[in-house]
Amino acid sequence: MKIAPDKKRHFFAAIPMGIVFQMLANWLYAPPTYQAVLIALAGVIAVSYGFELFSKISGMGVYDIMDAVFSIIGGALGQAAVLIYVILKK
Numbered sequence: 204m205k206i207a208p209d210k211k212r213h214f215f216a217a218i219p220m221g222i223v224f225q226m227l228a229n230w231l232y233a234p235p236t237y238q239a240v241l242i243a244l245a246g247v248i249a250v251s252y253g254f255e256l257f258s259k260i261s262g263m264g265v266y267d268i269m270d271a272v273f274s275i276i277g278g279a280l281g282q283a284a285v286l287i288y289v290i291l292k293k
C-alpha cells in the first residue's frame, strides 16, 4: 500500500503535537494516567480535525478527512512515547 506524501507529512507533524499535549496533560492536570491520556487525545483530535475543518471553511486548503486520521495516529504515537518514558521513569 502506497501512502501519499501529504499523509506522511500530517503523520510526522502530529508526533510532536502528541508529545506536547501529553506532557501538558501530565504536568497541568496531574490526573490519573488514563485521564491524562484522554485529555491529551481529545486535544490531538480537536486540533487535527479542526485544521481540516478550517481548510474546508476558509478555502485556504484541501479538506481531506484522511489527513486528520493520519494526524491523529501520529499524535497518538507521540503520546505513547511520553507514556513509555513516564512508565520507565517510575
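Take this note's numbering: the last position of the sequence shown gets the number 293, and nothing is skipped along the way. Just so it is clear, CB atoms sit at the ideal spot from N, CA and C, and this is done for glycine as well. In this text the structure is predicted, and so the values were computed from the model without any measurement.
Using the beta-carbon count (16 or more within 10 Å), is Val265 buried or exposed? exposed
Just to confirm the assignment, what range does the alpha helix (DSSP H) spanning Asp209 have? 208-227
Contact check, Ala217 vs Ser274, beta carbons under 8 Å: yes
Name the two residues that bound the continuous alpha helix (DSSP H) containing Ala279. 268-292
Which two residues bound the contiguous alpha helix (DSSP H) that contains Ala245? 236-261
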